[in-house]
């Protein structure tokens, strides 16, 4: 199972490797030429890749995202828009990692326009990514695209909030999820069982969603996969742990 | 190493030292996270970089330039935007790929459209987004992002 997943994950590398191997055998000069053509990009990448990942991790470790999110409900208007912009920009991870965060903020009373700002900046505007863009496409290219994108995001936020009304957004929890959580919670209270989280490493794609939803239980392991801390899940965390289980894009999580 | 990369290393170095002075364990954990992220992406990154070499060898730049550069900017931009919407590759890997295309003469307009829709429009994640925010929100947000991506690319083509 694990070997198959390895192959799946490195499909591109294996295909490209196979082409190179075939070239070495049949057209050695072309293989050498291809390698030479790649070498410029490989050297550039090796110079910038470690620094980008280190910077991303340092930002993730030190920026108090929880604090920002907690102060969110009270802020509105311009201040809310700016906080949304910052929240999106400092967060690491793919856009779908932003969905549960935004959903939570909606429940806290965030405006639709601010949700659009968070989702868009989360996707597009990231300091380390901007560095990468400037490296391969030039600082001017990056700067102009950044300015234009930022303007677009604010216009889009305004437009979406005018077109989409709040009642088209399903804010309520799905019932079965609630019942499920309650049932487990009651059992746990009666001491019949305690809950633990489990991540199937072979299935996990390392998207970082579960530690974003429920940092109390899930964290990212050395190998870039998620791991559940081997502790009993406290009652007040069961909800978010269940949420993480449900949100997992590849259903690798079991909470029971 | 160019000035820009050097600058980034210096900034990160300073941030790292401050971080280690303030909290050793936290810094150590964040380095573990950096290592994990790099490990999970390195295969894809190396694959793409070597693919660039193959493309450059077998498809001469002149041909790419002819097909993607001059022919019909608006059409190629829309195609690039559609491709960007349905692909799900990390932007981190997309920059060197797009950079190589621009290096050998492809117009930047489709390049910008691709990069922008790649991150902002998600066809693959549409159902996930719909589930959280409803059909209307998801449709409006993604369509607007698509339109704005094309606008951004056209404006950039005029400025740069």
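Residue numbers (the working numbering), protein chains in the order written: chain A, 91 to 346; chain B, -8 to 151. The beta carbon of each residue, even a glycine, is placed where N, CA and C say it ideally should be.
Count the other C-beta atoms from every protein chain shown that fall within 10 angstroms of the C-beta of residue 140/B, then say buried if there are 16 or more, exposed otherwise.
Position 149 of the second chain holds residue 140/B. So residue 140/B ends up on the buried side.
Looking at the secondary structure, which residues open and close the beta strand (DSSP E) in which residue 287/A lies?
As a working note, residue 287/A is residue 197 in the first chain. 287 to 289 is the extent of the beta strand (DSSP E) around residue 287/A.
Does the structure place the stretch 14 to 34 of chain B close enough to the stretch 118 to 125 of chain A that three or more beta carbon pairs sit under 8 Å?
no
Can you have a look at residue 104/B and say buried or exposed, based on whether 16 or more other CB atoms are within 10 angstroms of its CB?
Walking along the second chain from the start, residue 104/B turns up at place 113. The residue is buried, with at least 16 neighbouring Cβ atoms inside 10 Å.
With burial defined as no fewer than 16 other Cβ atoms inside 10 Å of the residue's Cβ, what is the status of residue 100/B: buried or exposed?
Within the second chain, numbered from 1, the residue matching residue 100/B stands at position 109. Flag for residue 100/B reads buried.
Which whole-angstrom value is the C-beta distance of residue 142/A and residue 218/A, which I expect to be below 8 Å?
Position 52 of the first chain, counting from 1, holds the residue named residue 142/A. Position 128 of the first chain, counting from 1, holds the residue named residue 218/A. Yes, residue 142/A and residue 218/A are in contact; Cβ-Cβ is about 4 Å, under 8 Å.
At which residues does the beta strand (DSSP E) containing residue 256/A begin and terminate?
Here residue 256/A corresponds to residue number 166 of the first chain, with the count starting at 1. Residue 256/A -> no beta strand (DSSP E), and no H or E assigned at all.
Report the neighbours of residue 225/A on chain B: residues whose CB is nearer than 9 Å to its CB, in chain order.
Sequence index remark: in the first chain, residue 225/A carries index 135 (1-based). Here the neighbours are -7, -5, -4, -1, 86, 87 and 90.
Do residue 213/A and residue 172/A have their C-beta atoms within less than 9 Å of each other?
Within the first chain, numbered from 1, the residue matching residue 213/A stands at position 123. Within the first chain, numbered from 1, the residue matching residue 172/A stands at position 82. No, the pair does not count as a contact, with Cβ atoms beyond the cut-off.
With DSSP as the reference, please indicate the residues paired to residue 344/A in a beta bridge.
Looking up residue 344/A in the first chain gives position 254. Answer by DSSP bridge pairing, in chain order: 288/A.
CB contact below 9 Å: residue 72/B versus chain A:
Translated into positions along the second chain, residue 72/B becomes position 81. Cβ-Cβ to chain A under 9 Å: no for residue 72/B.
Local Cβ density within 10 Å of residue 247/A, reported as buried at 16 or more and exposed below that
As a first step, residue 247/A must be located in the first chain, where it is residue number 157. That one is buried.
By alpha-carbon positions, which one of 335/A, 330/A, 145/A and 250/A ends up nearest to residue 288/A?
Within the first chain, residue 288/A is the residue found at index 198, counting from 1. Nearest of 335/A, 330/A, 145/A and 250/A to residue 288/A, Cα basis: 335/A.
DSSP three-state call for residue -8/B: helix, strand or coil?
Counting from one through the second chain, the residue named residue -8/B turns up at place 1. Reduced to three states, the DSSP call for residue -8/B is coil.
Does residue 202/A pass the burial test, meaning 16 or more other C-beta atoms within 10 Å, or should it be called exposed?
Working through the first chain from its first residue, we reach residue 202/A at position 112. Buried is the call here.
Find the residues of chain B that neighbour residue 125/A, judging by a C-beta separation of less than 7 Å, and give them in chain order.
Looking up residue 125/A in the first chain gives position 35. Here the neighbours are 44.
When the Cα atoms are used, what is the spatial distance from residue 303/A to residue 236/A?
Taking the first residue of the first chain as position 1, residue 303/A is located at position 213. Taking the first residue of the first chain as position 1, residue 236/A is located at position 146. Cα-Cα distance, rounded: 28 Å.
Determine the contact status of residue -4/B and residue 7/B, defining contact as a CB-CB distance below 9 Å.
If you number the second chain from 1, residue -4/B lands on position 5. If you number the second chain from 1, residue 7/B lands on position 16. Here residue -4/B is not near residue 7/B, since their CB atoms are 9 Å or more apart.
Look at the alpha carbon of residue 127/A and the alpha carbon of residue 90/B, and state the distance between them as a whole number of angstroms.
Stepping through the first chain from its first residue, residue 127/A is reached at position 37. Stepping through the second chain from its first residue, residue 90/B is reached at position 99. Cα-Cα distance, rounded: 13 Å.
Determine which residues share a DSSP beta bridge with residue 309/A and list them.
Working through the first chain from its first residue, we reach residue 309/A at position 219. Paired residues: 317/A.
Of the residues 77/B, 38/B and 31/B, the one placed nearest residue 88/B, counting alpha carbons only:
Indexing the second chain from 1 puts residue 88/B at position 97. Cα-wise, what sits closest to residue 88/B is 38/B.
Residue 296/A and residue 316/A: beta carbons closer than 9 Å?
Looking up residue 296/A in the first chain gives position 206. Looking up residue 316/A in the first chain gives position 226. Result yes, Cβ atoms of residue 296/A and residue 316/A sit closer than 9 Å.
Assign residue 264/A to one of three DSSP states: helix, strand, or coil.
Taking the first residue of the first chain as 1, we reach residue 264/A at position 174. Low per-residue confidence applies at residue 264/A: pLDDT is 46, beneath 50, and the placement is therefore not dependable, though the value from the model is reported in the following sentence. Coil.
Contact criterion: CB-CB distance below 9 Å. Does residue 82/B meet it with respect to chain A?
Taking the second chain and counting its residues from 1, the one referred to as residue 82/B is at position 91. Nearest CB-CB separation between residue 82/B and chain A: below the 9 Å threshold.
Would you say residue 192/A reaches chain B, if we count a Cβ-Cβ gap shorter than 9 Å as a contact?
Residue 192/A sits at position 102 when you count from the first residue of the first chain. It does: the Cβ of residue 192/A has a partner Cβ on chain B nearer than 9 Å.
When you compare the CB of residue 189/A with every CB in chain B, is at least one pair closer than 9 Å?
Within the first chain, numbered from 1, the residue matching residue 189/A stands at position 99. The C-beta of residue 189/A comes closer than 9 Å to at least one C-beta of chain B.
Span of the alpha helix (DSSP H), counted from its first residue to its last, around residue 192/A:
Here residue 192/A is taken as the residue at index 102 of the first chain, counted from 1. 188 to 197 is the extent of the alpha helix (DSSP H) around residue 192/A.
Flag this pair as yes or no: are the beta carbons of residue 239/A and residue 207/A separated by less than 9 Å?
In the first chain, residue 239/A corresponds to position 149, counting from 1. In the first chain, residue 207/A corresponds to position 117, counting from 1. Not closer than 9 Å, so no.
Rounded to the nearest angstrom, what separates residue 265/A and residue 190/A at their Cα positions?
Counted from its first residue, the first chain places residue 265/A at position 175. Counted from its first residue, the first chain places residue 190/A at position 100. Any reading at residue 265/A must be qualified, since the residue scores a pLDDT of 43, below 50, and its modelled position is unreliable; the value itself is stated next. Roughly 17 Å separates the two Cα atoms.
Candidates 338/A, 192/A and 255/A, of which the one nearest residue 300/A by Cα:
The residue you call residue 300/A lines up with position 210 of the first chain. Nearest option by C-alpha distance: 338/A.
Reference residue 110/B, options 11/B, 98/B, 121/B and 132/B, closest by Cα
Taking the second chain and counting its residues from 1, the one referred to as residue 110/B is at position 119. Ranking the options by Cα distance to residue 110/B, first place goes to 132/B.
Apart from the five residues on each side of it in sequence, which residues of its chain come closer than 7 Å, Cβ to Cβ, to residue 114/B?
The count along the second chain starts at 1 and reaches residue 114/B at position 123. Result list for residue 114/B: 76 and 77, in chain order.
Under a three-way DSSP split, which group does residue 322/A fall into?
Taking the first residue of the first chain as 1, we reach residue 322/A at position 232. In the structure shown, residue 322/A sits in coil (DSSP, three-state: anything other than H, G, I, E or B).
So is residue 78/B in contact with chain A if we call contact Cβ pairs under 9 Å?
Position 87 of the second chain, counting from 1, holds the residue named residue 78/B. No, no contact with chain A.
Once DSSP output is grouped into helix, strand and coil, what is the label at residue 132/B?
For the purposes of this step, residue 132/B is identified with residue 141 of the second chain, where counting begins at 1. If DSSP states are grouped into helix, strand and coil, residue 132/B belongs with the helices.
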